[in-house]
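S.K.: Below is a structure I'd like to ask you about.
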Amino acid sequence: MNKNTVFNEMLQRDGQVRGVYADFADWLKTVPHGRLEQKRLEAELLFRRVGITFNVYGEEAGAERLIPFDVMPRILAASEWQKLSAGAIQRVRALNAFLHDIYHQRDIIRAGIVPESILSNEMFRPEMMGVDVPGGIYAHIAGIDIVRTDEHDFFVLEDNLRTPSGVSYMLENRKMMMRLFPDLFKRYPVAPVEHYPQVLLNNLRAVAPVGVSAPTVVLLTPGAYNSAYFEHAFLAQQMGIELVEGQDLFVHDDAVFMRTTEGPKRVDVIYRRLDDEYLDPLVFNADSMLGVPGLVSVYRNGGVTLANAIGTGVADDKATYTYVPEMIRFYLGEEPILQNVPTYRLSRADDLAYVLEHLHELVVKEVQGSGGYGMLVGPAASQAQLAEFRARILAHPSNYIAQPTLALSACPTLVEQGIAPRHVDLRPFVLSGKTVSLVPGGLSRVALKEGSLVVNSSQGGGTKDTWILNQELPC
Amino acid sequence: MLSRTADHLYWMARNIERAENMARVLDVTQKMALLAHAGQQEAALWPPPVMISGNLAAFQNQAGELNAAQVFRYLALDENNPTSIVSSLNCARENARAVRVAMSSEMWENVNALWLELRARISVGISENELSEFCEWVKSSSHLFRGVTSGTMLRDDAHRFVQLGTFIERADNTARLLDVKYHLLLPSQESVGGALDYYEWSSLLRSVSSFEAYQKVFRDTIEPWRVAELLVLRADLPRSLHACFDELLAILEQLSSGSNKECLRLAGELHARLHYGSMEAIFQAGLHEFLADFIQHNNRLGLEIQHAFLSPPL
Numbered sequence: 365m366n367k368n369t370v371f372n373e374m375l376q377r378d379g380q381v382r383g384v385y386a387d388f389a390d391w392l393k394t395v396p397h398g399r400l401e402q403k404r405l406e407a408e409l410l411f412r413r414v415g416i417t418f419n420v421y422g423e424e425a426g427a428e429r430l431i432p433f434d435v436m437p438r439i440l441a442a443s444e445w446q447k448l449s450a451g452a453i454q455r456v457r458a459l460n461a462f463l464h465d466i467y468h469q470r471d472i473i474r475a476g477i478v479p480e481s482i483l484s485n486e487m488f489r490p491e492m493m494g495v496d497v498p499g500g501i502y503a504h505i506a507g508i509d510i511v512r513t514d515e516h517d518f519f520v521l522e523d524n525l526r527t528p529s530g531v532s533y534m535l536e537n538r539k540m541m542m543r544l545f546p547d548l549f550k551r552y553p554v555a556p557v558e559h560y561p562q563v564l565l566n567n568l569r570a571v572a573p574v575g576v577s578a579p580t581v582v583l584l585t586p587g588a589y590n591s592a593y594f595e596h597a598f599l600a601q602q603m604g605i606e607l608v609e610g611q612d613l614f615v616h617d618d619a620v621f622m623r624t625t626e627g628p629k630r631v632d633v634i635y636r637r638l639d640d641e642y643l644d645p646l647v648f649n650a651d652s653m654l655g656v657p658g659l660v661s662v663y664r665n666g667g668v669t670l671a672n673a674i675g676t677g678v679a680d681d682k683a684t685y686t687y688v689p690e691m692i693r694f695y696l697g698e699e700p701i702l703q704n705v706p707t708y709r710l711s712r713a714d715d716l717a718y719v720l721e722h723l724h725e726l727v728v729k730e731v732q733g734s735g736g737y738g739m740l741v742g743p744a745a746s747q748a749q750l751a752e753f754r755a756r757i758l759a760h761p762s763n764y765i766a767q768p769t770l771a772l773s774a775c776p777t778l779v780e781q782g783i784a785p786r787h788v789d790l791r792p793f794v795l796s797g798k799t800v801s802l803v804p805g806g807l808s809r810v811a812l813k814e815g816s817l818v819v820n821s822s823q824g825g826g827t828k829d830t831w832i833l834n835q836e837l838p839c
Numbered sequence: 469m470l471s472r473t474a475d476h477l478y479w480m481a482r483n484i485e486r487a488e489n490m491a492r493v494l495d496v497t498q499k500m501a502l503l504a505h506a507g508q509q510e511a512a513l514w515p516p517p518v519m520i521s522g523n524l525a526a527f528q529n530q531a532g533e534l535n536a537a538q539v540f541r542y543l544a545l546d547e548n549n550p551t552s553i554v555s556s557l558n559c560a561r562e563n564a565r566a567v568r569v570a571m572s573s574e575m576w577e578n579v580n581a582l583w584l585e586l587r588a589r590i591s592v593g594i595s596e597n598e599l600s601e602f603c604e605w606v607k608s609s610s611h612l613f614r615g616v617t618s619g620t621m622l623r624d625d626a627h628r629f630v631q632l633g634t635f636i637e638r639a640d641n642t643a644r645l646l647d648v649k650y651h652l653l654l655p656s657q658e659s660v661g662g663a664l665d666y667y668e669w670s671s672l673l674r675s676v677s678s679f680e681a682y683q684k685v686f687r688d689t690i691e692p693w694r695v696a697e698l699l700v701l702r703a704d705l706p707r708s709l710h711a712c713f714d715e716l717l718a719i720l721e722q723l724s725s726g727s728n729k730e731c732l733r734l735a736g737e738l739h740a741r742l743h744y745g746s747m748e749a750i751f752q753a754g755l756h757e758f759l760a761d762f763i764q765h766n767n768r769l770g771l772e773i774q775h776a777f778l779s780p781p782l
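For the protein sequence lines, the chains are Y and G, in the order given.
Residues in the first sequence are numbered from 365 upward in steps of one, following our numbering.
Residues in the second sequence are numbered from 469 upward in steps of one, following our numbering.
Encoded structure:
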């Protein structure tokens with residue numbers, strides 16, 4: 365990536381400090397040499413002690429790693445956030461409408477906007493056809509991945525509507541920054557994010573089955589060896605709800621119960637962090653030991669609410685992604701506030717031909733991949749990797765999409781050589797219940813390797829605290 | 469609360485208590501071995517810790533010779549021995565990790581820090597010479613855990629299951645320790661009152677932090693039957709069987725629900741024996757018989773607790 369084409373969020377091309385970073389730059393001048401590195405080590409020690417770790421699949425069982433934490437905050441202006449949050453809310457409203465439509469009357473297919481072939485998408489769940497979910501909400505928690513390429517250019521990279529994770533890092537990173545640099549918070553009107561669990565809990569209560577006045581909400585985790593287990597435990601604790609595994613729940617008389625030391629207790633809302641496939645061995649993967657036999661039947665009859673709903677995967681699939689701007693126009697009658705990244709659908713012959721020709725310039729992704737697995741970054745790939753991917757694409761073209769390699773914006777980041785720009789993205793979390801809202805913040809992920817565009821934690825990415833300023837700064 | 473959560477809390481506490489008791493036994497044995505006169509009988513010193521842990525047969529199958537180095541390795545460090553200190557602490561941490569939500573964050577951080585330090589110590593290696601320091605560390609870590617628990621945890625059912633685990637395990641350990649040591653020390657009764665005898669009995673007392681307590685209570689030379697009385701019947705000694713059952717009975721009464729009648733009955737029966745028992749009667753029937761029966765009943769109580777609260781039948 366050419367350094368001159370990359371948008372640096374702190375430094376303008378003429379070397380001037382951008383407005384929101386001015387105070388930070390002044391503060392940085394007062395920080396003695398070595399102090400930031402010392403703070404970084406302090407943060408690492410604290411994170412390890414608290415056990416804020418994740419498990420990496422494919423490594424030794426139970427191996428725990430820290431996600432690298434960068435002590436330099438990412439700062440966004442109030443006006444920038446306004447656009448981002450309005451755009452993310454708009455998107456989620458349209459996606460919820462789409463999910464309701466696709467599992468009911470399918471107007472959008474009849475209108476010729478989304479092709480009928482979407483019904484054969486692997487993530488489409490026929491079990492959800494005709495099922496009415498409380499409030500018509502399917503994606504109660506949505507992680508919208510946004511990248512920036514210039515002063516005014518933000519793009520949505522993907523929507524995460526299944527079991528998006530990362531919000532615990534947003535909250536823990538903020539706690540850490542306030543502990544490490546209290547003086548910086550005096551200089552900046554940083555909008556608080558700490559009420560996220562409260563908003564989430566209120567939403568989950570609001571979508572309880574009809575007639576339940578004091579719903580029991582639980583968080584369903586695959587267990588302590590899941591990569592996001594820390595987050596499951598953290599959120600359950602913050603919301604004061606039980607963290608349950610499949611073995612703790614059972615179905616009786618068309619209702620879900622949990623086993624407690626005082627006998628069975630009825631469960632009304634399940635914030636599940638378990639994929640569709642594992643939820644119920646009677647309906648999906650019969651070998652799943654993680655799910656609850658009979659759960660889907662209770663769910664379909666309205667005896668329990670699942671958040672997120674079953675079958676949201678059909679809407680966050682990378683092939684469906686390309687239709688989201690159209691969905692916004694179709695369901696909301698609005699123009700999209702946030703743009704999609706131009707995307708080539710390799711199921712289309714002319715797109716396929718173009719992509720194969722320009723493979724070395726493009727990013728190619730698996731339609732259903734996540735976590736940065738199964739992805740090709742053309743400009744960074746070797747000849748052998750390009751050839752291998754070409755073969756994979758040709759074998760199953762419709763499994764892939766391609767996008768131009770975006771010049772992701774860069775933020776100052778503390779690396780071995782000192783402070784240097786590194787590419788970042790942003791995942792704000794949109795919560796839907798009585799209303800659709802988000803707390804002012806999100807998870808900024810940063811590619812720590814110089815020049816790298818892959819920010820995923822499973823691929824060595826780190827995180828930053830993201831500061832949304834409460835008001836415009838006087839300049 | 470969730471049965472599984474209660475189960476993890478209970479076993480977390482049991483395993484920490486187990487590690488502490490193992491450290492106590494090893495530490496005292498090591499100190500005995502250092503006494504000048506003990507040289508000729510060092511071989512006799514090391515089997516008892518293995519016997520107390522109930523692992524003699526497994527040890528002989530696997531490790532063979534009962535010497536200081538082998539016993540230390542087996543009882544403290546061997547990750548294949550499920551009751552070694554390292555295994556117990558690993559297990560405590562695994563249980564804690566599974567239910568970190570159910571305890572205070574200070575408790576979780578404490579257990580996690582303990583485990584991280586354990587891994588660090590193992591990675592640099594723990595030699596036989598560091599046995600004493602290692603055991604001290606395990607003991608003080610366990611004290612710290614109990615202190616953090618007492619100082620930060622809400623007194624709800626979660627706390628009660630932590631307490632249940634602690635006291636069931638402690639009662640079992642005190643009874644085993646006394647049983648093995650009494651067996652071993654009594655045959656040398658001809659030397660009662662001699663220096664060797666003094667050291668051996670005082671070391672037993674020290675292993676349960678009761679040496680000073682003995683002096684305070686009896687203000688007299690150390691007599692075997694008084695040691696037994698202290699560890700079995702004295703309600704005011706925190707590691708005695710009686711003290712453990714005062715706690716257990718009170719907790720089980722608070723946890724009362726329809727399903728735990730048998731738990732309450734068993735605990736009440738054992739408690740009555742300790743509360744109303746006399747040392748003369750116990751000695752007449754045989755201390756070993758009394759302790760063996762106690763260990764068995766305590767074990768049954770553990771199984772009942774498992775059945776009533778922790779893994780109820782479907």
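Just so you know, even glycine gets a beta-carbon here, dropped at the ideal spot from N, CA and C.
Quantities reported herein were computed from a predicted structural model and do not represent experimental measurements.
#1: If you drop the 5 nearest sequence neighbours on each side, which residues of the same chain put their C-beta closer than 6 Å to that of Val370(Y)?
#2: How is Ala425(Y) classed by DSSP in three states: helix, strand or coil?
#3: Which ranges does the alpha helix (DSSP H) cover as unbroken runs of at least 4 residues, wholly within the region 704-744 of chain Y, from first to last along the chain?
#4: Identify the contact partners of Met622(Y) in chain G, using a Cβ-Cβ distance below 7 Å as the criterion.
#5: Going by Cα to Cα distance, which pick from Glu485(G), Leu742(G) and Val685(G) is closest to Ser552(G)?
#6: For a test of the three-state rule: what should DSSP assign to Glu606(Y), helix, strand or coil?
#7: In the DSSP assignment, what are the bridge partners of Arg568(G)?
#8: Quick one: what does DSSP say Ala784(Y) is sitting in, helix, strand or coil?
#9: With distances taken between CB atoms, is the gap from Leu612(G) to Asn578(G) smaller than 8 Å?
#10: Does DSSP classify Gln683(G) as helix, strand or coil?
#11: So within the region 378-437 of chain Y, which uninterrupted alpha helix (DSSP H) runs reach at least 4 residues, ignoring any that extend past its ends?
#12: Taking 8 Å as the threshold (C-beta atoms), are Val557(Y) and Arg908(Y) in contact?
#13: Is the separation between the beta-carbon of Arg786(Y) and that of Leu812(Y) shorter than 8 Å?
#14: To which residues of the same chain is Glu606(Y) closer than 6 Å at the C-beta, ignoring the five residues directly before and after it?
#15: DSSP beta-bridge partners for Ala671(Y)?
#16: Hey, does Val384(Y) have any beta-carbon neighbour from chain G nearer than 8 Å?
#17: What does DSSP give as the partner residue(s) for Asn372(Y) in the beta ladder?
#18: Is it the case that the region 568-585 of chain Y contacts the region 535-544 of chain G, given that we only count it when at least three CB pairs across the two stretches are under 8 Å?
#19: What separation, rounded to the nearest whole angstrom, lies between the Cα atoms of Val800(Y) and Glu637(G)?
#20: Checking contacts by CB at 8 Å: is Thr707(Y) closer than that to chain G?
#21: Going along chain Y, which residues have a C-beta under 9 Å from Glu748(G)?
#22: Quick check: the Cα distance between Leu463(Y) and Ala673(Y), rounded to an integer number of angstroms?
#23: Give a yes or no on whether the C-beta atoms belonging to Leu709(G) and Leu742(G) are separated by under 8 Å.
#24: Looking at the structure shown, is Val468(Y) part of a helix, part of a strand, or coil, going by DSSP?
#25: Using a Cβ-Cβ cutoff of less than 6 Å, which residues in the same chain neighbour Cys712(G) once the five nearest sequence positions on both sides are dropped?
#26: Answer yes if the region 562-571 of chain G comes into contact with the region 819-829 of chain Y, meaning at least three C-beta pairs across the two stretches below 8 Å, and no otherwise.
#27: Which stretch, first to last residue, makes up the beta strand (DSSP E) that contains Tyr764(Y)?
#28: Straight-line CA distance for Tyr650(G) to Asn535(G)?
#29: Which runs of the alpha helix (DSSP H) at least 4 residues long sit entirely within the region 586-636 of chain G? Give them in chain order.
#30: Please report how far the alpha carbon of Val660(G) lies from the alpha carbon of Glu691(G), in whole angstroms.
#31: From the DSSP output, which residues share a beta bridge with Trp831(Y)?
#32: Tell me where the beta strand (DSSP E) around Ser808(Y) begins and ends.
#33: Of all the residues that make up the region 532-553 of chain G, which are near chain Y by a beta-carbon distance shorter than 8 Å?
#34: I need the straight-line Cα distance from Gln498(G) to Leu599(G), nearest angstrom please.
#35: Pick from Arg754(Y), Gly742(Y) and Tyr695(Y): whose alpha carbon is nearest that of Ala461(Y)?
#36: Quick one: is Ala581(G) near chain Y, going by C-beta distance under 8 Å?
M.R.: Well, looking at it:
#1: So the qualifying residues of the chain are Ala771 and Ala774.
#2: Interpretation of Ala425(Y) is limited by its pLDDT of 44, a score under 50 that renders its predicted location unreliable; the figure taken from the coordinates is listed afterwards. Correct three-state label for Ala425(Y): coil.
#3: Runs found: 713-721.
#4: Chain G residues near Met622(Y): Leu470.
#5: When each option's Cα is compared against that of Ser552(G), the closest is Glu485(G).
#6: In the structure shown, the three-state DSSP call for Glu606(Y) is strand.
#7: For Arg568(G), DSSP assigns no beta-bridge partner whatsoever.
#8: DSSP, reduced to helix, strand and coil, places Ala784(Y) within a strand of the structure shown.
#9: Their beta carbons are under 8 Å apart, which means Leu612(G) touches Asn578(G) by this criterion.
#10: Correct three-state label for Gln683(G): helix.
#11: Runs found: 386-394 and 399-414.
#12: It is not possible to answer for residue 908(Y), since the shown part of chain Y is limited to 365 through 839.
#13: In contact: Arg786(Y) and Leu812(Y) (Cβ atoms closer than 8 Å).
#14: If we look at Glu606(Y) and ignore the five residues flanking it on each side, its Cβ neighbours are Val582.
#15: Ala671(Y) is bridged to Tyr635(Y).
#16: Closer than 8 Å: no.
#17: DSSP lists Ala774(Y) as partners of Asn372(Y).
#18: Touching, no, given that fewer than three Cβ pairs across the two stretches are closer than 8 Å.
#19: Roughly 51 Å between the two C-alpha positions.
#20: No, Thr707(Y) does not count as interfacial toward chain G.
#21: In chain order: nothing, as chain Y lies at least about 41 Å away.
#22: Each residue's Cα considered, the two are about 10 Å apart.
#23: Taking 8 Å as the Cβ cut-off, Leu709(G) and Leu742(G) qualify as a contacting pair.
#24: Note that residue 468(Y) is His in the sequence shown, not Val. Coil at His468(Y), not helix or strand.
#25: Result list for Cys712(G): Phe635, Arg638 and Ala639, in chain order.
#26: Result no; under three Cβ-Cβ pairs closer than 8 Å.
#27: Taken as a continuous stretch (DSSP letters only), the beta strand (DSSP E) holding Tyr764(Y) covers Tyr764 to Pro768.
#28: Taking the straight line from one Cα to the other gives about 21 Å.
#29: With a minimum length of 4 residues, the continuous alpha helix (DSSP H) runs that stay inside the region 586-636 of chain G are 599-620.
#30: Since pLDDT at Val660(G) reaches only 46, below the 50 mark, its modelled position is unreliable, and the value read off the structure follows with that caveat. Taking the straight line joining both Cα atoms gives about 8 Å.
#31: Answer by DSSP bridge pairing, in chain order: Ile439(Y).
#32: Element bounds for Ser808(Y): Leu807 to Val810.
#33: Here the close residues number zero.
#34: Spanning the two alpha carbons is a distance of roughly 8 Å.
#35: Comparing Cα positions, the closest option is Tyr695(Y).
#36: Under the 8 Å criterion on CB atoms, Ala581(G) is classed as interfacial with respect to chain Y.
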